[in-house]
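In the numbering used here, the protein residues as written are 4 to 263.
Okay, structure coming up:
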């Protein structure tokens with residue numbers, strides 16, 4: 004697969020995807036969104052990939068937003084179609100993947116960039132990171148899930164303030180809000196996410212996928228998350244990973260899980 008706007012690396016079960024448009028501070032355009040979708044689909048189906056990292060190339064930006072020049076002259080219908088397709092093939096797609104996806108925020112994560120990070124299962128940030136949803140300063144609102152995921156993560160009041168002021172917050176504030184899990188020096192970001200990813204890989208990939216589905220169910224209107232948890236808990240009992248995990252525990256050895 005020819006990639007123009009992203010770089011894919013695969014190391015010891017960890018796939019790292021770099022958004023690579025340095026001349027645009029890694030801003031998302033339609034081509035980049037499509038490449039991310041195709042790459043994520045590929046690595047999600049790869050039995051040798053157990054954790055996925057999304058980050059930005061360079062030291063300035065994770066993703067500095069959407070490529071405004073691409074949609075500045077859109078009609079209302081075209082704008083709605085842009086948001087609908089983007090949510091379907093990338094943002095919702097990431098959220099519902101069974102393979103854990105971690106956002107490593109290495110700089111500016113603004114607009115669509117913060118929405119991309121929020122679609123990931125959790126986030127870590129370097130100390131220089133800045134985050135925000137500046138869309139209202141452009142006469143528009145977040146369209147890739149920002150008005151929904153930000154309140155879920157940090158609460159309604161803080162989300163309202165961030166969206167209405169169109170301002171940025173720094174990494175430590177983002178950690179205080181619960182928007183990111185960890186803040187580390189920029190030079191330590193790689194080792195930090197590799198350490199977390201390695202810890203995740205010690206556990207059952209099947210169980211992790213079931214857990215992701217159960218947690219997400221709580222945020223879907225009309226779905227009882229407890230019911231999904233009960234079903235997925237029961238489903239685990241029929242898996243090879245459950246047999247291996249419980250046997251290893253009783254035999255006082257480390258479990259060796261086979262794959263997705």
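All C-beta atoms, glycine included, are put in the ideal place defined by N, C-alpha and C.
Nearest residue (CA-CA) to residue i, options the options
| i | options | result |
| --- | --- | --- |
| residue 62 | 137, 9, 189, 117 | 189 |
| residue 259 | 205, 253, 222 | 205 |
| residue 74 | 57, 98, 105, 30 | 30 |
| residue 82 | 134, 93, 127, 147 | 147 |
| residue 66 | 228, 112, 15, 49 | 112 |
| residue 72 | 54, 32, 86 | 32 |
| residue 263 | 254, 239, 242, 208 | 208 |
| residue 26 | 94, 70, 216 | 70 |
| residue 142 | 131, 216, 222, 79 | 79 |
| residue 174 | 236, 187, 221 | 187 |
| residue 2 | 124, 13, 224, 145 | Any property of residue 2 remains undetermined from this structure, which presents the chain solely from 4 to 263. |
| residue 15 | 49, 256, 37 | 49 |
| residue 210 | 227, 224, 192, 234 | 234 |
| residue 343 | 95, 251, 222, 156 | Since the first residue of the chain shown is 4 and the last is 263, residue 343 is not available in this structure. |
| residue 194 | 6, 17, 37 | 17 |
| residue 130 | 164, 191, 77, 93 | 191 |
Endpoints, the alpha helix (DSSP H) within which residue i is located
| i | result |
| --- | --- |
| residue 21 | Residue 21 -> not in any alpha helix (DSSP H); beta strand (DSSP E) instead, spanning 17 to 22. |
| residue 254 | No alpha helix (DSSP H) holds residue 254; DSSP gives it neither H nor E. |
| residue 67 | From DSSP, residue 67 is part of no alpha helix (DSSP H); its letter is neither H nor E. |
| residue 46 | 33 to 47 |
| residue 209 | 208 to 220 |
| residue 195 | 192 to 204 |
| residue 235 | 228 to 239 |
Range of the contiguous beta strand (DSSP E) that encloses residue i
| i | result |
| --- | --- |
| residue 113 | 111 to 113 |
| residue 54 | 54 to 59 |
| residue 10 | 9 to 14 |
| residue 76 | It is not in any beta strand (DSSP E) - residue 76 carries neither H nor E in the DSSP assignment. |
| residue 183 | It is not in any beta strand (DSSP E) - residue 183 carries neither H nor E in the DSSP assignment. |
8 Å contact criterion, which residue i and residue j should meet: CB distance rounded
| i | j | result |
| --- | --- | --- |
| residue 35 | residue 8 | 4 Å |
| residue 58 | residue 109 | 5 Å |
| residue 213 | residue 239 | 6 Å |
| residue 231 | residue 241 | Wrong, their Cβ atoms sit about 16 Å apart, outside the cutoff. |
| residue 107 | residue 196 | 5 Å |
| residue 39 | residue 20 | 7 Å |
| residue 28 | residue 64 | 4 Å |
| residue 60 | residue 10 | 6 Å |
is_contact[residue i, chain C] using C-beta, thresh 7 Å
| i | result |
| --- | --- |
| residue 94 | The structure shown has no chain C; it contains just one protein chain. |
Next item on the list: Decide yes or no for the touch test of the region 139 to 158 against the region 115 to 123: beta carbon pairs closer than 8 Å, at least 3 of them.
Entry: Using a C-beta cut-off of 8 Å, the region 139 to 158 makes contact with the region 115 to 123, since at least three inter-stretch Cβ pairs fall below that distance.
Item checked: Segment contact flag, the region 195 to 202 with the region 174 to 181, C-beta cutoff 8 Å, min 3 pairs -> Put simply, the region 195 to 202 does not touch the region 174 to 181. Fewer than three CB pairs are less than 8 Å apart.
Note to self: Does the contact criterion of 3 or more C-beta pairs under 8 Å hold for the region 128 to 141 versus the region 166 to 177?
What the structure shows: Yes, since at least three Cβ pairs between the region 128 to 141 and the region 166 to 177 fall closer than 8 Å, the two stretches touch.
Check: For the region 97 to 177, which segments carrying the beta strand (DSSP E) assignment without a break, of at least 3 residues, lie completely within its bounds, in sequence order?
Finding: Counting only runs of 3 or more, we get 104 to 108, 111 to 113, 125 to 129, 133 to 135, 171 to 173.
Item checked: contact_flag[the region 41 to 57, the region 99 to 106] where n(CB pairs < 8 Å) is 3 or more -> Short answer: they touch.
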